[in-house]
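Asks:
Residue numbers (this note's numbering): 448 to 526.
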């Protein structure tokens, strides 16, 4: 049986200046989160279809260090 895993990008963690911030993907939208800003409430950043790879590699002065994915078709891999 030929099974291929399908993953979706759920988040990116950015590190720099002894602090982290993140982008969160909810399927349709991208949100930015920085606990130091906006009272810790995520802010709308973009629609997923309108954001590109180079933009995802940085958030303000921080570089992307951790990419978080979720397995979309997990039921195919259960025994």
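C-beta atoms are modelled at their ideal positions from N, C-alpha and C, and glycine is treated no differently.
Measure the alpha-carbon distance for residue 486 versus residue 478 and round it to whole angstroms.
Replies: What you label residue 486 is simply residue 39 of the chain shown in a count that begins at 1. What you label residue 478 is simply residue 31 of the chain shown in a count that begins at 1. Distance between the alpha carbons of residue 486 and residue 478 is about 14 Å.
Asks: Just to check my reading of the structure: residue 460 and residue 513 have Cβ atoms closer than 8 Å, yes? What is that Cβ distance to the nearest angstrom?
Replies: To locate residue 460, count along the chain shown from 1; it is residue 13. To locate residue 513, count along the chain shown from 1; it is residue 66. Confirmed, Cβ separation roughly 4 Å.
Asks: Taking three-plus beta-carbon pairs below 8 Å as touching, is the stretch 461-470 in contact with the stretch 499-513?
Replies: yes
Asks: If you draw a straight line from the alpha carbon of residue 481 to that of residue 454, how long is it in whole angstroms?
Replies: Translated into the one-based positions of the chain shown, residue 481 becomes position 34. Translated into the one-based positions of the chain shown, residue 454 becomes position 7. In a straight line, the C-alpha of residue 481 is about 25 Å away from that of residue 454.
Asks: With a threshold of 6 Å on Cβ separation, who are the neighbours of residue 504 within its own chain once the five nearest residues in sequence on each side are excluded?
Replies: Your numbering for residue 504 matches position 57 in the chain shown. Result list for residue 504: 511, in chain order.
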